[in-house]
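The structure under discussion appears below in the form of structure tokens.
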Amino acid sequence: MQVLPTGEIGATPWSLSPLWLGLLAVGVPALIWLCCAWWHVLVNDPHRLRRKGMKELRRVLRSVRRSHGLPEPQHLHAWLRASARAWGVRVSAPTLDDVRRAMVSLTRDSGISSRWCELWQLTERKLFAAHSPPMQDWIEQATLAAATVPIPRREQRFPNRRAHWFPSIAALTLLVSVAVVPPSFSGQADAGAISDAAAFRKAHDVSRQALEESWNDWAAHYNLAGFHMLEGSWNLAAAHATAAFLQHPSAETREALRAILDQIEDPHPRLRRLLHGAWYQRVPALLSVAGWQRMSLAAALVIAAGLTATVLALYIPAHRRMLALGGRSVASFGALLFIAAVSSWGAYGTMSEPEAAILLQRVNVRPAPTDLVPEAESAPAPAGSIVTLGRSFLGWRQVSVTENLSGWVRRGAVMPFYADQ
Numbered sequence: 005m006q007v008l009p010t011g012e013i014g015a016t017p018w019s020l021s022p023l024w025l026g027l028l029a030v031g032v033p034a035l036i037w038l039c040c041a042w043w044h045v046l047v048n049d050p051h052r053l054r055r056k057g058m059k060e061l062r063r064v065l066r067s068v069r070r071s072h073g074l075p076e077p078q079h080l081h082a083w084l085r086a087s088a089r090a091w092g093v094r095v096s097a098p099t100l101d102d103v104r105r106a107m108v109s110l111t112r113d114s115g116i117s118s119r120w121c122e123l124w125q126l127t128e129r130k131l132f133a134a135h136s137p138p139m140q141d142w143i144e145q146a147t148l149a150a151a152t153v154p155i156p157r158r159e160q161r162f163p164n165r166r167a168h169w170f171p172s173i174a175a176l177t178l179l180v181s182v183a184v185v186p187p188s189f190s191g192q193a194d195a196g197a198i199s200d201a202a203a204f205r206k207a208h209d210v211s212r213q214a215l216e217e218s219w220n221d222w223a224a225h226y227n228l229a230g231f232h233m234l235e236g237s238w239n240l241a242a243a244h245a246t247a248a249f250l251q252h253p254s255a256e257t258r259e260a261l262r263a264i265l266d267q268i269e270d271p272h273p274r275l276r277r278l279l280h281g282a283w284y285q286r287v288p289a290l291l292s293v294a295g296w297q298r299m300s301l302a303a304a305l306v307i308a309a310g311l312t313a314t315v316l317a318l319y320i321p322a323h324r325r326m327l328a329l330g331g332r333s334v335a336s337f338g339a340l341l342f343i344a345a346v347s348s349w350g351a352y353g354t355m356s357e358p359e360a361a362i363l364l365q366r367v368n369v370r371p372a373p374t375d376l377v378p379e380a381e382s383a384p385a386p387a388g389s390i391v392t393l394g395r396s397f398l399g400w401r402q403v404s405v406t407e408n409l410s411g412w413v414r415r416g417a418v419m420p421f422y423a424d425q
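Here the numbering used here is used: position 261 in the sequence shown is 265, and no number is missing along the way.
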């Protein structure tokens, strides 16, 4: 071990459940899918063009009224086009026969049909004939005729059919493999030997001051761990080495903590697995808890992007194959990354919480913050136990050792791993 320069600040983990990141990965594509399905309902409504034609018809009549004169040729041409759409005529150049057939299929009122046919003939004559009579009351006739068009209601307002969610024949297959092959560790350095004992003793005061400025200074924790190793204070050495490892699991902090754990009779089982376990148990030690959390967030965004592309492939025929293939590939990669990151995040257990701490000595966990509690009402907790911090009260700190054991200990008997947020 060698003294490291202080000022290297680690990150405090988020107080966040992985379920929220999973909800982000699935919720965003689900919301986009809902919007696409709703859009599909609106676009594929059989009466959408008719309602659009009615809007155009009213717009043309308003434009003619604002002109304070006779309708111009552009008004008449726009009226013919809008009238054909309002009656459901789907041809590029509608004729009177097309409009008459549409009227017969949509209304049985002969008066409405005859009035519209006369107005259509009058409009065509004025627009295309060489010598057409003046149209003094055309705007009044067109307004009365527009009021007789039956306005169709929207048949469906919600995506309540399978065709709205799967408008084309598409197979949404997402193959997720949980087999992760991380790099294995090869060899271990002799971290137990301190090369310069005088340097660690000299760095003690500097490191203590650095921790007062920032408790997440992992290099200061590392230096103090080396100092306490020289002093034979293995509990303090393990506490500072664990804090340095959790904030910044570099090769130096891993090897230092591994050497300290070898000197402790009963180290914490999770720390032993992270540093002395099988190769797949040592994979989480490659990154800190904060690092795995950020990787989980990035993986959730990758999954969301892949699923979004897969959803869009259902509604964009021009790029369906590319979007479907690319979306499934990206989502599969994101799912693998998310599983690996969340699994590594969970491997830290209680140490992944921002309130995580370690007991520096064997203590009796008391139900109340006072020394007057009888020994029979307290429960012992060994040194090196990983706990979760709670409230503070007059030199006491509330801790939770296990699900069934919680209480109060002296503030000096416990050391937090991370700085308060």
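Here a beta-carbon is modelled for each residue, glycine too, at the ideal position from N, C-alpha and C. Computed from a prediction, not measured in an experiment: that's the story for all the values here.
Burial state of residue i, where buried means 16 or more other Cβ atoms lie within 10 Å
i, result
"N408", "exposed"
"S21", "exposed"
"W400", "buried"
"W283", "exposed"
"Q297", "buried"
"V182", "Reliability of the predicted coordinates at V182 is poor, the pLDDT of 33 falling under 50, and no value is obtained from them."
"C39", "exposed"
"G31", "exposed"
"Q251", "buried"
"R70", "exposed"
"A150", "buried"
"E217", "exposed"
"T374", "exposed"
"W43", "exposed"
"K206", "exposed"
"H244", "buried"
"P371", "exposed"
"H79", "buried"
"S436", "Only positions 5 to 425 of the chain appear in this structure, which leaves residue 436 out of reach."
"F132", "exposed"
Cross-strand partners of residue i (DSSP beta bridge)
i, result
"I13", "D221"
"T406", "L409"
"P420", "A361"
"R401", "S396 and V413"
Which of helix, strand or coil DSSP assigns to residue i
i, result
"I116", "helix"
"A383", "strand"
"F240", "First, the amino acid is wrong: residue 240 is Leu here, not Phe. DSSP places L240 in helix when its eight states are reduced to three."
"V95", "coil"
"S396", "strand"
"W18", "coil"
"V391", "strand"
"H51", "coil"
"A133", "coil"
"V210", "helix"
"T246", "helix"
"T147", "helix"
"A175", "A caution first: A175 carries a pLDDT of 36, below 50, which makes its placement in the model too unreliable to give a value."
"D141", "coil"
"E76", "coil"
"A195", "Low local confidence applies: a pLDDT of 42 at A195 is under 50, so the model's placement there is unreliable, and no value is given."
"I36", "helix"
"L376", "coil"
"T312", "helix"
"P321", "helix"
"S181", "With a pLDDT of 34 at S181, under the threshold of 50, the modelled position of that residue is not reliable, and the figure given next carries that caveat. Reduced to three states, the DSSP call for S181 is coil."
"I465", "Nothing can be reported for residue 465: it is not among the residues displayed for the chain, which extend from 5 to 425."
Identity of the residue in the options nearest residue i by Cα
i, options, result
"G394", "E379, L80 and A361", "A361"
"F421", "T314, L316 and A294", "A294"
"A383", "V403, A90, P154 and G331", "V403"
"L74", "D141, A207 and W91", "D141"
"A340", "V306, R85 and H79", "Correcting the residue type first, residue 340 is Leu in the shown sequence and not Ala. It is V306 whose Cα lies nearest to the Cα of L340."
"A248", "R262, L23 and V45", "R262"
"T312", "L329, V369, E256 and L301", "L329"
"T406", "M355, M107, A380 and E144", "M355"
"L123", "L110, L25, R104 and V108", "R104"
"F204", "Q213, M233, E216 and S218", "M233"
"L275", "S389, E235, L65 and D221", "S389"
"S254", "A372, V287, L28 and L318", "V287"
"Y352", "G115, S292 and W219", "S292"
"V346", "S19, G416 and G26", "G26"
"S67", "T147, S348, Y226 and G338", "T147"
"A41", "M419, L318, A304 and A417", "L318"
"L53", "F337, A241, R89 and D270", "R89"
"L364", "N239, S211, W83 and W222", "N239"
Cβ-heavy atom distance, residue i to the ligand FMN, below 6 Å
i, result
"S410", "As far as ligands go, the structure on display features none, and thus does not contain the ligand FMN."
Alpha helix (DSSP H) runs wholly inside the stretch 250-299, at least 4 long, in chain order: 255-265 and 273-280
3-residue-minimum beta strand (DSSP E) runs that sit fully inside the stretch 335-374, ordered along the chain: 360-363 and 367-369
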